[in-house]
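Asker: Numbering (our numbering), first residue to last: 295 to 595. All C-beta atoms, glycine included, are put in the ideal place defined by N, C-alpha and C.
1) Mind checking who residue 483 pairs with in its DSSP beta bridge?
2) Name the two residues that bound the continuous alpha helix (DSSP H) containing residue 535.
3) If you drop the 5 nearest sequence neighbours on each side, which residues of the same chain put their C-beta closer than 8 Å to that of residue 238?
4) Does DSSP put residue 488 in a helix, in a strand, or in coil?
5) List the endpoints of the continuous alpha helix (DSSP H) containing residue 456.
6) How long is the line joining the alpha carbons of residue 513 and residue 501, rounded to whole angstroms?
7) In terms of residues, what are the limits of the alpha helix (DSSP H) holding residue 373?
8) Is it the case that the Cβ atoms of residue 374 and residue 340 are separated by a distance below 9 Å?
9) Which residues in the same chain as residue 446 place their Cβ atom closer than 6 Å to its Cβ, once the five residues preceding and following it in sequence are excluded?
10) Looking only at its chain, what residues have a beta carbon closer than 6 Å to the beta carbon of residue 535, apart from the 5 residues adjacent to it on each side?
11) Do residue 382 and residue 423 have their CB atoms nearer than 9 Å?
12) Measuring CB to CB, does residue 352 end up less than 9 Å from residue 428?
13) How far does the alpha helix (DSSP H) with residue 504 in it extend, from its first residue to its last?
14) So, using beta-carbon positions, are residue 371 and residue 453 closer together than 9 Å?
15) Exposed or buried, what is residue 450 when buried is set at 16 or more other beta-carbons lying within 10 Å of its beta-carbon?
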């Protein structure tokens with residue numbers, strides 16, 4: 295499997311784990327104004343909201359719990375809200391998992407995976423919300439210290455990598471304005487059509503993330519994700535548009551968190567991962583940082 299597919303394949307496999315790993319749901323929890331509830335009641339109501347697909351309500355309950363909790367309850371609240379954010383980012387996550395398990399989703403195609411995970415091709419909204427999830431995973435792990443379940447570490451890695459990807463994709467999409475890609479977040483819809491479809495900013499974000507497209511594809515982007523490990527600076531999308539910019543530090547922050555997640559996973563990897571998988575995942579982070587951002591904190595070549 296290509297390395298650029300691994301993030302999205304693992305997402306399909308393990309994100310739902312957190313819902314089922316939470317504490318049992320108290321069906322008698324008062325589903326009322328969270329500000330009038332205690333921490334435990336907010337947690338229970340948050341879990342119940344997760345189980346019924348009321349993700350915005352779950353965010354509210356877990357947020358109120360975070361504002362009042364400490365210790366293990368604070369960790370639970372951060373993890374619960376992270377799961378709610380992930381499901382808000384990909385409302386069709388359950389269907390995607392079902393399709394993957396039944397063989398109806400081609401896991402060898404990054405385009406199929408991304409198009410299925412991201413609802414209605416709203417890549418900008420997806421990346422914004424997944425960053426909220428990553429921030430909560432990182433807060434939970436920081437609060438928990440060394441006692442972190444491998445499944446949570448894997449979920450955190452995925453959220454951090456997708457957040458780093460989003461930071462870079464949004465920056466490249468906003469700055470690269472040649473040919474059909476003369477769109478950005480401020481002017482998201484062009485008057486151009488390709489294959490009968492209007493070219494939008496989300497079309498460009500999709501093209502940037504879909505690293506398996508060929509140069510002959512009408513919707514090929516010259517600085518897509520497959521270029522981010524290129525030692526040739528002129529060809530590397532990160533080097534051209536992210537290195538030295540404000541977004542560099544934000545991207546590095548997510549990459550460093552993802553790398554630390556993998557380092558912790560080495561001693562107790564989940565069943566989905568082999569030692570070589572973890573090595574490949576760390577190598578991708580190192581290459582993005584070194585070749586794309588001129589940062590050698592993860593190593594050099």
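Answerer: The answer reads as follows:
1) 494
2) Its alpha helix (DSSP H) spans residues 531 to 535.
3) Since the first residue of the chain shown is 295 and the last is 595, residue 238 is not available in this structure.
4) strand
5) 444 to 469
6) The straight-line gap from Cα to Cα measures roughly 6 Å.
7) Start and end: 365 to 383.
8) yes
9) none
10) 465, 466 and 469
11) yes
12) no
13) Unbroken run through residue 504: none, as it is neither H nor E.
14) Their beta carbons are not under 9 Å apart, which means residue 371 does not touch residue 453 by this criterion.
15) buried
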